[in-house]
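Student: Residue numbers (the numbering used here), protein chains in the order written: chain F, 1 to 222; chain X, 1 to 222.
We put the CB at the ideal spot given by N, CA and C, even for glycine.
Only a predicted model underlies this, so the values are computations on that prediction, with no experimental measurement involved.
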DNA sequence: GATCTATTTTGCAGTCACTTAAAAATTAGT
DNA sequence: ACTAATTTTTAAGTGACTGCAAAATAGATC
């Protein structure tokens with residue numbers, strides 16, 4: 001019972017709708033393509049589209065357990081002697097080196113990125129995914145360490161690691177929107193990531209301390 | 001010419017619409033009150049409602065520069081010898097002691113909180129406001145320290161402080177949703193905040209380090 | 001007070017995402 | 001081929017939001 005005809009057709013239909021929708025969105029913009037048009041092009045009824053995708057946004061940014069559970073998995077699979085932060089750092093730098101795009105930037109995907117940044121409902125969806133990702137990571141940490149329900153540390157740590165990742169990815173996105181390819185950004189990106197993770201590692205307790213005297217100049221943080 | 005009749009009426013109309021909308025939403029739920037009904041109750045046309053508020057969500061959660069700019073102002077107004085983190089911590093604990101609700105929980109406002117948590121579009125709006133708050137804080141930090149455009153530290157620090165605040169406020173919200181008043185939560189909340197800020201201060205570099213001896217995990221490292 | 005102008009409010013027609021329910025088509029099992 | 005389960009379609013709505021022109025209102029001028 002490898003896979004019935006029914007299931008295969010479902011899979012294919014869903015994929016076809018998603019592909020066609022993505023193509024139309026990239027070609028003409030998210031807002032100026034209607035769901036009815038996607039349905040027409042994919043040769044199904046509008047209701048079939050909504051059968052597979054709960055919202056129009058899902059046509060482009062599908063809620064996938066794989067993406068949302070990435071950080072949680074890294075936490076669970078980290079090696080002995082490895083801290084949570086170290087595990088995420090290792091995986092992120094590894095993704096950068098191998099060119100894997102699991103952290104949100106594709107090679108040549110700047111049309112994709114631009115559309116997401118300029119369409120409010122899509123940006124909102126990304127925020128939602130980020131939140132889910134951090135929540136799952138917090139749960140994984142709590143379970144792994146066996147912390148009590150009143151302990152906020154897992155949530156705080158997860159949120160902070162997520163925050164660092166968002167800042168670093170945002171840096172890459174900004175440069176991609178300015179026209180650069182991921183290839184030319186990667187080296188700087190690596191350094192920025194090291195710095196951001198470093199900041200997290202040693203704490204930001206003293207960051208931005210105002211000079212106590214009168215030296216109110218362009219001070220450099222420690 | 002302190003204020004013309006025209007401007008006074010505008011202000012009053014806007015306030016009346018907002019108040020009536022909030023009352024209806026609290027009484028019957030955000031989704032089961034239509035904008036048409038708000039308009040009818042406030043004795044204006046639907047178009048007038050949309051004249052004052054861009055979206056239905058704005059009727060409840062108005063985008064206010066005061067709320068979104070809070071963290072940025074704290075950064076700019078921090079005292080000499082005070083770090084960014086220390087300034088936010090001081091203000092947060094001060095708000096907690098004086099009962100000021102500028103961080104998002106009102107006394108007796110649990111109906112409000114519950115509605116936001118259970119209505120997806122309102123939760124999305126809160127995320128949006130959080131993002132704006134952190135972006136403005138990052139800009140304030142960057143300007144205050146005179147950092148270059150390639151320096152991610154202000155954004156990272158702002159995002160991390162925002163993350164800690166969200167975790168702590170989330171803790172309070174969860175207990176309020178369970179039926180407790182802010183009064184009975186405050187002492188614990190203070191301690192949780194101290195711990196969260198402490199985590200940020202000294203860094204999370206070693207957090208969750210797996211014991212090097214034996215593998216007690218469920219998963220397998222790839 | 002009458003008049004003219006700028007601003008605000010309203011009415012109206014429309015678009016589009018999304019919902020619900022039932023009929024029709026397709027696939028699976030016997 | 002027949003029946004049951006599943007998927008797709010059709011049909012009819014709901015409700016947020018938009019664009020535009022007409023009507024009402026406020027401010028300024030004479």
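#1: Could you check if residue 184 of chain X is buried or exposed, using at least 16 other CB atoms within 10 Å of its CB as the buried criterion?
#2: Any Cβ of chain X within less than 8 Å of the Cβ of residue 128 of chain F?
#3: Would you mind giving the Cβ-Cβ distance between residue 25 of chain F and residue 115 of chain F, rounded to the nearest angstrom? I have them listed as a contact below 8 Å.
#4: Taking the Cβ atom as the reference point for each residue, do residue 201 of chain F and residue 85 of chain F lie within a distance shorter than 8 Å?
#5: Give every residue of the same chain whose Cβ lies closer than 8 Å to the Cβ of residue 224 of chain X, excluding the five residues on either side of it in the sequence, and list them in chain order.
#6: Quick one: residues in its chain with C-beta nearer than 6 Å to the C-beta of residue 4 of chain X, no 5 flanking neighbours on either side, listed in chain order?
#7: Does the beta-carbon distance from residue 152 of chain X to residue 168 of chain X come in below 8 Å?
#8: Start and end of the alpha helix (DSSP H) containing residue 138 of chain X?
#9: In this structure, does DSSP put residue 20 of chain X in helix, strand or coil?
#10: Helix, strand or coil: how does DSSP classify residue 116 of chain X here?
#11: Determine, for residue 224 of chain X, whether the minimum Cβ-Cβ distance to residues of chain F falls below 8 Å.
#12: Residues in the stretch 72-85 of chain F with C-beta within 7 Å of chain X's C-beta atoms, listed in sequence order?
#13: For the stretch 194-215 of chain X, which residues have a beta carbon sitting closer than 8 Å to at least one beta carbon of chain F?
#14: Using beta-carbon positions only, say whether residue 123 of chain F and residue 166 of chain X come within less than 8 Å of one another.
#15: Measuring alpha carbon to alpha carbon, tell me which of X:77, X:39, X:28 ends up nearest residue 14 of chain X.
#16: Any beta-carbon of chain X closer than 8 Å to the one on residue 144 of chain F?
#17: Got a sec, what are the start and stop residues for the alpha helix (DSSP H) residue 62 of chain X sits in?
#18: Between residue 133 of chain X and chain F, is there a C-beta pair that is closer than 8 Å?
#19: Answer yes or no: does any C-beta atom of chain X fall closer than 8 Å to that of residue 168 of chain F?
#20: Let me know the secondary structure DSSP gives residue 103 of chain X once reduced to three states.
#21: Using 8 Å as the limit for Cβ to Cβ distance, is residue 52 of chain X near chain F?
#22: Could you list which residues in chain X have their beta carbon closer than 7 Å to that of residue 101 of chain F, in chain order?
#23: Could you confirm whether any beta carbon from chain X is found closer than 8 Å to the beta carbon of residue 36 of chain F?
#24: So, with DSSP's three-state summary, where would you put residue 217 of chain F?
#25: Using 10 angstroms around the beta-carbon of residue 11 of chain F, count the other beta-carbons present and answer buried if the total reaches 16, otherwise exposed.
#26: Closer than 8 Å, Cβ to Cβ, to anything on chain F: give me those residues from the stretch 17-28 of chain X, in chain order.
#27: Does the CB of residue 164 of chain F have a neighbour CB from chain X at under 8 Å?
#28: Can residue 154 of chain F and residue 142 of chain F be called in contact, C-beta distance under 8 Å?
#29: Go ahead and label residue 83 of chain X buried or exposed: buried means 16 or more other beta carbons lie within 10 angstroms of its beta carbon, across all protein chains shown.
#30: Given residue 22 of chain X, which residues of its chain have a CB within under 8 Å of its CB, disregarding the five upstream and five downstream residues?
#31: Against residue 152 of chain X, what residues of chain F qualify as contacts under a CB-to-CB distance less than 8 Å, listed in chain order?
#32: According to the neighbour-count rule (16 or more other Cβ atoms, all chains shown, within 10 Å of its Cβ), is residue 118 of chain X buried or exposed?
#33: Quick one: which residues of the stretch 109-128 of chain X get their C-beta closer than 8 Å to a C-beta of chain F? List them in chain order.
#34: Looking at residue 57 of chain F and residue 127 of chain F, is the spacing between their C-beta atoms short of 8 Å?
#35: If you follow the alpha helix (DSSP H) that residue 37 of chain F is in, where does it begin and where does it stop?
#36: Can the beta-carbon of residue 74 of chain F be found less than 8 Å from the beta-carbon of residue 87 of chain F?
Tutor: In short, the structure shows the following:
#1: Taking a 10 Å sphere around the C-beta of residue 184 of chain X, we find fewer than 16 other C-beta atoms and assign the residue as exposed.
#2: Put simply, the CB of residue 128 of chain F is near chain X, with a gap under 8 Å to one of its CB atoms.
#3: Indeed they touch by this definition, with Cβ atoms about 7 Å apart.
#4: Between residue 201 of chain F and residue 85 of chain F, the C-beta spacing is below 8 Å.
#5: Within the shown structure, residues of chain X are numbered from 1 to 222, placing residue 224 of chain X beyond reach of any answer.
#6: Within its own chain, no residue has a Cβ closer than 6 Å to the Cβ of residue 4 of chain X once the five positions on either side in sequence are excluded.
#7: Taking 8 Å as the Cβ cut-off, residue 152 of chain X and residue 168 of chain X do not qualify as a contacting pair.
#8: Segment 120-145, the alpha helix (DSSP H) holding residue 138 of chain X.
#9: Note: residue 20 of chain X maps to helix in three-state DSSP.
#10: DSSP places residue 116 of chain X in helix when its eight states are reduced to three.
#11: Past the boundaries of the shown model lies residue 224 of chain X; chain X is included only from 1 to 222, so the question cannot be answered.
#12: Against chain X - using a Cβ distance shorter than 7 Å - the residues of the stretch 72-85 of chain F are 76, 77, 78, 79, 80, 81, 82, 83, 84, 85.
#13: Per Cβ criterion, the list reads 195, 196, 199, 200, 201, 202, 203, 204, 205, 206, 207, 208, 209, 210, 211, 212, 213, 214, 215.
#14: Result no, Cβ atoms of residue 123 of chain F and residue 166 of chain X do not sit closer than 8 Å.
#15: Nearest C-alpha to residue 14 of chain X: X:39.
#16: With a threshold of 8 Å between beta carbons, residue 144 of chain F makes contact with chain X.
#17: Taken as a continuous stretch (DSSP letters only), residue 62 of chain X belongs to no alpha helix (DSSP H), as it is neither H nor E.
#18: For residue 133 of chain X, no CB of chain F lies under 8 Å from its own CB, so it is not counted at the interface with that chain.
#19: Answer yes: the Cβ-Cβ gap between residue 168 of chain F and chain X drops below 8 Å somewhere.
#20: DSSP, reduced to helix, strand and coil, places residue 103 of chain X outside both helices and strands of the structure shown, so it counts as coil.
#21: Interface residue (Cβ-Cβ distance to chain F less than 8 Å): residue 52 of chain X is not classified as such.
#22: None at all; the shortest Cβ gap to chain X is about 17 Å.
#23: Chain X contact via Cβ: absent.
#24: Any reading at residue 217 of chain F is ruled out, since the residue's pLDDT is 45, under 50, leaving its predicted position unreliable.
#25: Label assigned to residue 11 of chain F: exposed.
#26: Considering only beta carbons, no part of the stretch 17-28 of chain X lies closer than 8 Å to chain F.
#27: Residue-level contact by beta carbon holds for residue 164 of chain F and chain X, with a gap shorter than 8 Å.
#28: Yes.
#29: Buried, by the Cβ-count rule.
#30: Result list for residue 22 of chain X: 59, 60, in chain order.
#31: Counting only Cβ-Cβ distances below 8 Å, residue 152 of chain X has contacts in chain F at 167, 168, 171, 192, 195, 196, in chain order.
#32: Looking at its Cβ environment, which holds fewer than 16 other Cβ atoms inside 10 Å, residue 118 of chain X is exposed.
#33: Taken in chain order, the members of the stretch 109-128 of chain X whose beta-carbon sits within less than 8 Å of a beta-carbon on chain F are 124, 127, 128.
#34: Going by C-beta atoms, residue 127 of chain F is not nearer than 8 Å to residue 57 of chain F.
#35: 35-42 is the extent of the alpha helix (DSSP H) around residue 37 of chain F.
#36: For the pair residue 74 of chain F and residue 87 of chain F, the CB atoms are nearer than the 8 Å cut-off.
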